[in-house]
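If you're matching positions, the sequence shown starts at 546 in my numbering and goes up one per residue.
Positions of the beta carbon are idealized from the N, C-alpha and C atoms, including for glycine.
Note sheet for the following structure.
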Amino acid sequence: MFLEQFIAYIKYEKRYSPHTASAYESDLTQFFTFLNHPDAVVNHPAEITHHQIRNWMVELMNAGIAARSINRKIATLRKYFKFLLQGGQISASPVARIQTPKVAKQLPVVVEDEKLSKLLDNDEVFGANFQGMRDKLVIELLFGTGMRLAELLGLTSEDINMYEGTVKVLGKRNKQRIIPLNTELRQVILKHAELKKNEIFANNSLKLIVTNKGADAYPKMIYLIVQKYLTYISTQNKKSPHVLRHTFATSLLNKGADLNAIKDLLGHASLSATQVYTHNSVERLKSIYKQAHPKAN
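Printed below as a string of structure tokens:
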């Protein structure tokens with residue numbers, strides 16, 4: 546079914562992150578499993594029809610899969626069949642006639658930046674050893690720069706320019722961008738570097754963020770770090786690295802930052818992806834209005 550070729554294509558030609566490539570592979574494996582059952586085995590992608598894709602969507606809906614997740618899976622199929630079409634393996638894409646379910650707009654989940662700042666100012670929460678300072682650096686980088694999880698995992702010490710106070714980030718589609726570092730974040734980077742230098746590791750990764758044994762940090766590790774510390778200040782269910790990215794963008798917008806500047810800092814390809822944060826800002830203004838204006842009620 547050309548799955549290995551497709552995954553290699555998005556990894557090495559399109560330069561998708563390992564996390565994204567893994568999600569694509571999972572979606573396609575799930576789809577192929579649905580297609581191949583004892584009564585009807587599909588041997589080639591050209592045999593797949595839009596009816597089968599619709600039947601898969603129905604099965605996902607009946608299983609209670611959210612519309613947003615279904616749309617992501619269909620987007621995976623679109624990319625996969627486009628790849629096959631360009632390679633001449635198929636003559637038409639069966640996804641062309643598929644309409645995806647409508648998704649209700651959801652506001653980005655954020656935490657209160659005041660509470661987050663107080664947490665980061667509390668040295669006792671993190672501790673003074675290497676592990677504590679590394680954990681603090683993870684939170685500081687995600688909240689202080691708005692970078693993505695994959696971008697954080699890819700950082701090396703060479704990407705940090707302490708003289709200029711910037712960090713070089715390799716984002717989606719292999720695009721580089723420069724993000725400024727605040728003074729407190731630079732201090733944490735220096736403290737982390739000093740403690741890291743004194744550690745004796747079993748491994749010697751070149752990455753900025755490493756495990757307690759010195760190996761490359763991995764997604765699950767970062768998730769656990771973020772969840773651990775956000776639990777101190779938030780009762781909401783979602784406590785992920787992306788929540789800190791959302792908080793970064795929303796905080797900038799609430800304090801009057803230009804939307805185009807936020808777009809560049811986040812590494813968005815278009816302004817439409819950044820405009821979702823304006824809804825959070827409007828909701829905040831509504832809340833302030835209801836609390837402060839005598840005619841609000």
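Within this structure, are the beta carbons of residue i and residue j separated by less than 8 angstroms?
i, j, result
"isoleucine 643", "arginine 599", "yes"
"isoleucine 684", "leucine 665", "yes"
"isoleucine 615", "leucine 605", "yes"
"leucine 811", "threonine 819", "yes"
"arginine 617", "arginine 718", "no"
"leucine 573", "threonine 645", "no"
"leucine 850", "serine 702", "Examination of residue 850 is not possible in this model, given that the chain is present from 546 through 842 alone."
"aspartate 680", "tyrosine 763", "no"
"valine 821", "proline 653", "yes"
"lysine 783", "valine 771", "no"
Using the Cα positions of residue i and residue j, report the straight-line distance between them to the nearest angstrom.
i, j, result
"histidine 564", "alanine 553", "14 angstroms"
"asparagine 790", "asparagine 607", "As written in the sequence, residue 790 is arginine, which differs from the asparagine given in the question. Going by the C-alpha atoms only, they are around 33 angstroms apart."
"threonine 776", "glutamate 659", "15 angstroms"
"glutamine 651", "leucine 694", "21 angstroms"
"asparagine 581", "glutamine 634", "19 angstroms"
"isoleucine 555", "glutamate 570", "10 angstroms"
"aspartate 668", "threonine 690", "20 angstroms"
"phenylalanine 675", "serine 750", "15 angstroms"
"serine 779", "asparagine 748", "35 angstroms"
"glutamine 597", "glycine 632", "22 angstroms"
"asparagine 805", "phenylalanine 746", "42 angstroms"
"glycine 677", "tyrosine 768", "15 angstroms"
"phenylalanine 628", "valine 670", "49 angstroms"
"proline 725", "alanine 568", "31 angstroms"
"serine 815", "isoleucine 807", "11 angstroms"
"leucine 697", "isoleucine 705", "12 angstroms"
"lysine 742", "alanine 673", "14 angstroms"
"serine 636", "methionine 692", "40 angstroms"
"lysine 663", "tyrosine 708", "27 angstroms"
Could you give the C-beta distance for residue i and residue j, rounded to a whole number, given that I count them as a contact under 8 angstroms?
i, j, result
"threonine 795", "valine 655", "5 angstroms"
"leucine 661", "threonine 792", "7 angstroms"
"phenylalanine 626", "tryptophan 601", "About 14 angstroms separates the two Cβ atoms, so there is no contact after all."
"histidine 595", "leucine 682", "About 49 angstroms separates the two Cβ atoms, so there is no contact after all."
"arginine 722", "aspartate 809", "7 angstroms"
query: Contact between the region 666 to 686 and the region 731 to 740: three or more CB pairs below 8 angstroms?
result: yes
query: Touch check for the region 623 to 642 and the region 759 to 773: three-plus C-beta pairs under 8 angstroms?
result: no
field: 4-residue-minimum alpha helix (DSSP H) runs that sit fully inside the region 562 to 631, ordered along the chain
entry: 563 to 580 and 595 to 607
- prompt: Mind pulling the beta strand (DSSP E) runs of 3 or more residues that sit fully within the region 662 to 733?
  reply: 711 to 715 and 721 to 725
task: Go through the region 768 to 807 residue by residue and report every complete run of the alpha helix (DSSP H) that reaches 4 residues or more, in order.
output: 786 to 799
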